[in-house]
Every structure is written in C-alpha cells, then in structure tokens.
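Inspection log for the structure reproduced underneath, given as structure tokens.
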C-alpha cells in the first residue's frame, strides 16, 4: 500500500477528529436505512469507522480506521488501525462490511472495495454522487471551491456500484432536521454554516484555506442579515427533505 497516500485521510481526521462525535451525531432515519441493509449480520467490519456512527447494536463489530484520533473516540472494544486497501483479516471473516461516507478518502477505491468483498459476504456503502443535480446552494452561491474538491475525490455512484457489483442503490434524501453534521446537513438551516465548530467537523471545510472560507462565510452572514438568502430560497425552506445525491449501495448476500 502507498503509505503516503494512505496517510492523507488519517492526517485530515487527526486534525478535525477531536470533538467530531459531538457534531456528527447519527441520524435515526439514516441509521434505520443502514440497519435494514445490515439486518441479520452477526459479525461486521466497519471500514473507515471513525467514531462508530451507524454501527448495528446487535452485531459484533470490528472498527477499522487509519486515524488513531478517530479510533480513540470509538466506543467499541475491537479496533484496528489500518487502511481499506489492505484489511488485515482472512477471507470471509465477516458476515458484512460497511463503509459510511469514507470511500472518497481511500487511496485506491477499487482495491478497497475489493478488500470489502474479500473479507465479507455482504457489503454496504453509503456515499455521495458528484453527478447528481441539484447541488447544494452553498456551492453555487458561496463556495464553488467545494465543488472542485468534491468532484476530484468522489467517484460517481454508477462506477462505485459497478466496482462493488451492487444489486441495490437506494436514494437517501436529507431531512430538514438531519442530525449528522456532514456537508449537506444544513441545507435548510444556513445559519449553522456560520459556526466554525460545525465547519471543523467537515472534511471538505477542513481542506479549504481560511482565505477561501472566510470571505464566503462573510457573504453568507451578510445575506442572512439582509434577508436576501431567505428571499432566494423561500421555496426551499418549505421542503421537508431534499435529494442531494446521497446513496446507499448493497452488494452480496
């Protein structure tokens, strides 16, 4: 494995990981969807486990992550520091392998997915599709740099599904009151993006220069103070959920 490449996500999460679990609180609706996909699995490996969000409570879970900072926040007893591309387990060790919003960090996507297929008979992956439209207003109006970054690191869902040989691809529209503070969580609550603590819990914001983020957030603050943002998005804030391209993929049995 390319050690330098593998260290990139580790370095990012070592930087943003402290206090991560306070902002990235699992949402019960996404938890239910993932739980259904993992139903019946008695042993599960969570690849890119982070602080352990969305792990099934009734399974024996082994957490795998490159970041020791994230593993230190994980509540489980079985924790392994490793990369997705070289899982240190024998073939068929688990009933299921899960990977939640992590495949875009992997140095070699196909190799990581292949490792999930090698060590488990079922694979469950939650990711985002850069080809999906509409996109979050934050990108269009304030931070197009996020679009550039995310399009460079996220693989289209169709390609992930093909590499995984997924038999099920399920859309997950983001509820207006979503509790897990990843990038699109606050699509109807723009004031949350003003909070630097919330932004620090996002790997995208963590990789952008303050010289880029600062002026953009200042513009958003001004638009919220003047009412311009709410005038532009009056229809949006009446919605209960929005499909921004998040998908749950299931492969295997």
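In my numbering, the protein residues as written are 668 to 920. All C-beta atoms, glycine included, are put in the ideal place defined by N, C-alpha and C.
Using 10 angstroms around the beta-carbon of residue 856, count the other beta-carbons present and answer buried if the total reaches 16, otherwise exposed. Within the chain shown, residue 856 is the residue found at index 189, counting from 1. Exposed, since its Cβ has fewer than 16 Cβ neighbours within 10 Å.
Residue 790 and residue 831 closer than 8 Å at C-beta: For this step, residue 790 is matched to residue 123 along the chain shown. For this step, residue 831 is matched to residue 164 along the chain shown. Yes. Within cutoff.
Are residue 715 and residue 751 close, meaning C-beta to C-beta below 8 Å? The residue given as residue 715 occupies position 48 in the chain shown. The residue given as residue 751 occupies position 84 in the chain shown. A contact, by the Cβ cut-off of 8 Å.
Backbone CA spacing between residue 884 and residue 708 [nearest angstrom]: In the chain shown, counting from the first residue as 1, residue 884 sits at position 217. In the chain shown, counting from the first residue as 1, residue 708 sits at position 41. Going from the Cα of residue 884 to the Cα of residue 708 covers about 43 Å.
Any idea if residue 723 is buried or exposed, counting beta-carbon neighbours within 10 angstroms, 16 or more meaning buried? If you number the chain shown from 1, residue 723 lands on position 56. Flag for residue 723 reads buried.
Completely contained beta strand (DSSP E) runs for the region 682–746, where each covers 3 or more residues: 710–714, 727–732
Around the C-beta of residue 725, are 16 or more other C-beta atoms found within 10 angstroms, so that it is buried, or is it exposed? Position 58 of the chain shown, counted from the start, is the residue given in the question as residue 725. So residue 725 ends up on the exposed side.
Could you check the C-alpha separation between residue 900 and residue 906 for me, to the nearest Å? Counting from one through the chain shown, the residue named residue 900 turns up at place 233. Counting from one through the chain shown, the residue named residue 906 turns up at place 239. Looking at the two C-alpha atoms, the distance is approximately 10 Å.
Apart from the five residues just before and just after residue 706, which ones in its own chain have a Cβ nearer than 6 Å to its Cβ? Within the chain shown, numbered from 1, the residue matching residue 706 stands at position 39. Answer for residue 706: no residue qualifies.
For a test of the three-state rule: what should DSSP assign to residue 845, helix, strand or coil? If you number the chain shown from 1, residue 845 lands on position 178. If DSSP states are grouped into helix, strand and coil, residue 845 belongs with coil.
For residue 821, which residues in the same chain have their Cβ closer than 8 Å to its Cβ, ignoring the five residues on either side in sequence? Residue mapping note: residue 821 aligns to position 154 of the chain shown, counting from 1. Closer than 8 Å at the Cβ level, and outside the excluded window around residue 821, lie 771, 794, 795, 796, 797.
If you pair each beta-carbon of the region 801–813 with each one of the region 733–740, do three or more pairs fall below 8 Å? No, they do not touch.
Let me make sure I understand the geometry here. Which of 845, 880, 834 has the alpha-carbon closest to that of residue 862? On the chain shown, position 195 is the one that residue 862 refers to. The shortest C-alpha separation from residue 862 is found at 880.
Just curious, the alpha helix (DSSP H) that residue 781 is in, first and last residue? Here residue 781 refers to the residue found at position 114 when the chain shown is read from its first residue. Start and end: 776–786.
Which of helix, strand or coil DSSP assigns to residue 757: Here residue 757 refers to the residue found at position 90 of the chain shown. Here residue 757 sits in coil by DSSP.
Alpha carbon of residue 694 to alpha carbon of residue 846, nearest angstrom: One-based indexing of the chain shown puts residue 694 at position 27. One-based indexing of the chain shown puts residue 846 at position 179. So the alpha carbons of these two residues sit roughly 5 Å apart.
Could you tell me which of 910, 692, 776 sits nearest to residue 828, measuring between CA atoms? Here the question's residue 828 lines up with position 161 in the chain shown. Closest by alpha carbon: 776.
I need the straight-line Cα distance from residue 834 to residue 890, nearest angstrom please. Walking along the chain shown from the start, residue 834 turns up at place 167. Walking along the chain shown from the start, residue 890 turns up at place 223. So the two alpha carbons sit approximately 44 Å from each other.
I need the straight-line Cα distance from residue 919 to residue 892, nearest angstrom please. Along the chain shown, one-based indexing puts residue 919 at 252. Along the chain shown, one-based indexing puts residue 892 at 225. In a straight line, the C-alpha of residue 919 is about 50 Å away from that of residue 892.
Spatial distance of residue 894 from residue 712 (CA atoms): Here residue 894 corresponds to residue number 227 of the chain shown, with the count starting at 1. Here residue 712 corresponds to residue number 45 of the chain shown, with the count starting at 1. If I take the Cα positions, the gap works out to 47 Å.
Please work out which residues of its chain come closer than 7 Å, Cβ to Cβ, to residue 840, disregarding the five sequence neighbours upstream and downstream, and give them in chain order. One-based indexing of the chain shown puts residue 840 at position 173. Cβ-Cβ distances below 7 Å link residue 840 to 908, 909, 910 in the same chain, with the five nearest sequence neighbours on each side left out; the list follows chain order.
Selected residue, minimal CA-CA separation from residue 826, among 731, 785, 914: Taking the first residue of the chain shown as 1, we reach residue 826 at position 159. Minimum Cα distance to residue 826 is reached at 914.
What residue range does the beta strand (DSSP E) around residue 838 cover? Within the chain shown, residue 838 is the residue found at index 171, counting from 1. Its beta strand (DSSP E) spans residues 835–838.
Among all the DSSP beta bridges, which residues are the ones paired with residue 822? Along the chain shown, one-based indexing puts residue 822 at 155. Paired residue(s): none; residue 822 is not in a bridge.
Identify the continuous beta strand (DSSP E) that holds residue 914 and give its terminal residues. For the purposes of this step, residue 914 is taken as residue 247 along the chain shown, with counting starting at 1. Segment 913–919, the beta strand (DSSP E) holding residue 914.
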